[in-house]
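Numbering (the numbering used here), first residue to last: 76 to 808.
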């Protein structure tokens with residue numbers, strides 16, 4: 076079925092054949108065969124699929140591939156076979172026995188088709204090669220492990236060099252849950268000195284080096300892509316110094332509080348150390364309880380306080396890293412402005428390169444970058460610029476070296492904080508200007524002196540996040556909001572803070588929204604609790620999601636939200652059209668009735684119900700397909716077709732200047748509903764206890780198709796326009 080959508084075809088997806096046994100992974104048979112035998116042999120296998128006589132040879136082939144694949148994707152099985160030569164020999168003999176049986180059967184049937192026999196022979200030959208490679212892998216692995224252990228153990232204890240299944244399984248992926256290859260070895264250096272030595276030895280061994288901290292990243296930066304890779308886990312670099320309240324910073328006249336941390340220190344520990352000293356550590360991503368300092372530098376992490384003090388880049392004094400050649404690099408910021416980096420005209424850094432010992436200075440240079448180069452206009456962060464004027468380490472995602480330690484500035488939080496929560500119930504496009512107005516109002520307030528008032532955090536959740544986190548609406552009579560904003564305002568004068576928060580609520584009320592103010596520390600904590608539960612968006616996919624950071628100028632946020640809602644409507648309609656296809660296929664097949672019914676009168680019992688149900692599904696499919704194909708149709712033109720197609724529409728509340736059919740779906744004045752348009756009708760057709768199993772199967776079909784639905788959800792650091800755009804997906808869809 077053709078559609079006009081650029082997103083996806085609305086037809087049902089092709090079946091993913093899974094004939095290979097023991098395959099508990101998300102890899103399809105095609106992907107496994109290509110990895111083990113190559114693309115050409117997959118084509119041969121496909122060509123033979125319709126020419127099977129008994130299917131016994133194909134079954135044996137898949138068993139061979141399944142055995143190999145099960146071992147390759149399970150480090151525990153691999154370790155067991157490496158340790159037990161007898162068991163390994165038995166497995167290899169079994170694989171080759173199956174292949175010999177396949178060859179015997181090929182010879183028997185050769186006279187019936189020479190071309191077919193030739194293709195089968197090629198498959199058998201390729202599989203023999205795969206088995207030989209599989210056997211050689213054990214010898215190569217044992218040899219490589221011995222060589223690696225001998226070299227690496229010169230610089231760290233043997234228990235920090237892990238080839239075991241537990242370590243390799245734990246480091247095959249990060250927060251993305253994307254799995255490609257298992258690492259060859261996982262290393263846990265206990266000191267900065269060990270990191271440099273291990274890097275140099277990994278280079279000698281030809282291993283791809285992957286830095287890793289808490290494994291909380293959503294970019295896939297810690298995911299091994301080659302079997303011969305070494306993950307260097309920095310979590311044992313847990314040194315954290317005491318707060319130095321009067322640090323002298325290069326080129327800065329006033330002293331400032333700083334703290335030095337190892338790359339493996341968990342972010343929350345640094346926040347606690349600062350808090351105990353009456354100070355604030357500004358880098359506070361949502362993953363603060365699990366993320367590590369090295370990752371914060373490598374990702375240029377931000378968080379709630381980024382609107383006030385910027386991201387990691389703005390708060391770093393210096394950092395140390397091991398470069399890809401195994402040498403050391405120290406980066407120190409000069410003339411730190413103690414604020415956001417883009418406010419400084421020229422930003423200077425001193426780069427000192429040392430040899431492998433970290434003592435001999437090899438070179439020294441100064442790097443001067445215009446402050447405006449770090450961020451685009453009206454953006455709090457530019458995630459597209461990984462180069463950052465050639466500044467090493469920061470925002471490079473571990474690609475240009477391994478961060479081992481960093482020194483950070485700590486800030487003094489004003490005495491009083493006011494927290495507000497704003498609930499918006501209209502169109503998001505109309506609510507977004509409130510974010511700009513609130514930010515501009517608070518930014519215009521004094522930032523110095525006793526009357527200073529500052530925005531310390533402004534976070535946004537869209538309606539999908541509002542639902543996912545279980546948000547309880549504070550305006551009880553209005554239902555679930557389309558968007559919420561949670562913010563903190565800080566200052567030294569309690570009265571000025573209260574006045575600012577009240578004005579924020581007034582601005583929100585002017586946009587038709589509801590505003591609420593926390594009156595106690597407990598209430599403030601409750602307001603922010605929902606923001607900390609954003610991981611719930613991927614609960615239904617077992618935490619698997621695609622995450623993309625998109626930084627949007629705040630005035631354009633409404634356009635972005637409209638675009639995302641358009642995508643979600645298309646994806647929803649696409650999923651429902653797939654549902655119609657699946658329901659039609661089920662209704663055309665054998666319909667299950669209660670077991671006690673006499674089989675002979677089954678057709679009589681069903682009567683014309685099958686035809687009525689198919690007609691109902693087809694009518695609904697036609698209506699939904701028309702909506703899918705005509706989202707851009709001007710509304711006056713679209714409404715002429717409503718009666719003919721059975722489209723039920725209530726009063727339009729969307730105030731778009733030139734409304735289209737999309738705007739009716741956006742404001743829910745047209746609802747596309749499985750329950751109201753399909754299930755209700757099908758329940759009436761198959762009414763009665765005799766047809767209970769049919770209704771159950773219909774509902775199961777809906778549940779299965781709905782599970783594969785993709786949607787896009789947004790939550791944003793509204794103070795700087797950094798939008799986390801998330802697509803929760805199941806790995807088998």
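Yeah, the Cβ is synthetic: ideal placement off N, Cα and C, and Gly gets one too.
Counted within 10 angstroms of its Cβ, other Cβ atoms place residue i as buried (16 or more) or exposed
i	result
residue 234	exposed
residue 326	exposed
residue 718	exposed
residue 554	exposed
residue 95	buried
residue 464	exposed
residue 116	buried
residue 430	exposed
residue 349	buried
residue 604	exposed
residue 230	buried
residue 441	exposed
residue 132	buried
residue 707	exposed
residue 494	buried
residue 419	buried
residue 400	exposed
residue 347	exposed
Same chain, Cβ closer than 7 Å to residue i, five either side skipped, listed in chain order
i	result
residue 254	247 and 248
residue 397	270, 271, 274, 403, 476, 477 and 479
residue 800	623, 625, 787 and 789
residue 525	567 and 568
residue 715	none
residue 311	263, 264, 265 and 339
residue 250	290, 291, 292 and 293
Under 8 Å between C-beta atoms of residue i and residue j
i	j	result
residue 643	residue 502	no
residue 213	residue 156	yes
residue 461	residue 373	no
residue 417	residue 449	yes
residue 559	residue 636	no
residue 341	residue 358	no
residue 736	residue 702	yes
residue 530	residue 518	yes
residue 309	residue 344	no
residue 633	residue 507	yes
residue 650	residue 536	no
residue 742	residue 720	no
residue 167	residue 210	yes
residue 197	residue 109	no
residue 258	residue 306	yes
residue 318	residue 354	yes
residue 226	residue 158	no
residue 107	residue 144	yes
residue 422	residue 385	no
Cut-off 8 Å between Cβ atoms - residues of its own chain near residue i, not counting five sequence neighbours on either side
i	result
residue 760	684, 687, 688 and 691
residue 93	103 and 104
residue 256	247, 299, 300, 301, 302 and 304
residue 764	669
Supposed close pair residue i, residue j - CB separation, criterion 8 Å
i	j	result
residue 744	residue 724	5 Å
residue 413	residue 510	Residue 413 to residue 510, Cβ: 27 Å. No contact.
residue 202	residue 148	Rounded, the Cβ-Cβ distance is 18 Å, inconsistent with contact.
residue 466	residue 424	6 Å
residue 260	residue 221	That pair is no contact at about 12 Å.
residue 323	residue 411	Not confirmed; about 11 Å, so no contact.
Close Cβ partners of residue i (< 6 Å) along its chain, the five nearest in sequence each way excluded
i	result
residue 185	192
residue 587	501
residue 492	563 and 565
residue 152	146
residue 207	none
residue 546	605
residue 240	150, 151 and 154
residue 770	761
Short CB-CB distance (under 8 Å) between residue i and chain D
i	result
residue 96	Among the chains of the structure shown, chain D does not appear; only one protein chain is present.
Three or more C-beta pairs under 8 Å: does that hold for the stretch 293-308 against the stretch 377-384? no
Evaluate contact between the stretch 172-185 and the stretch 260-277, counting only Cβ atoms and requiring at least three cross-stretch pairs below 8 Å. no
Using a Cβ distance threshold of 8 Å, determine whether the stretch 277-285 contacts the stretch 770-789, with at least three qualifying pairs required. no
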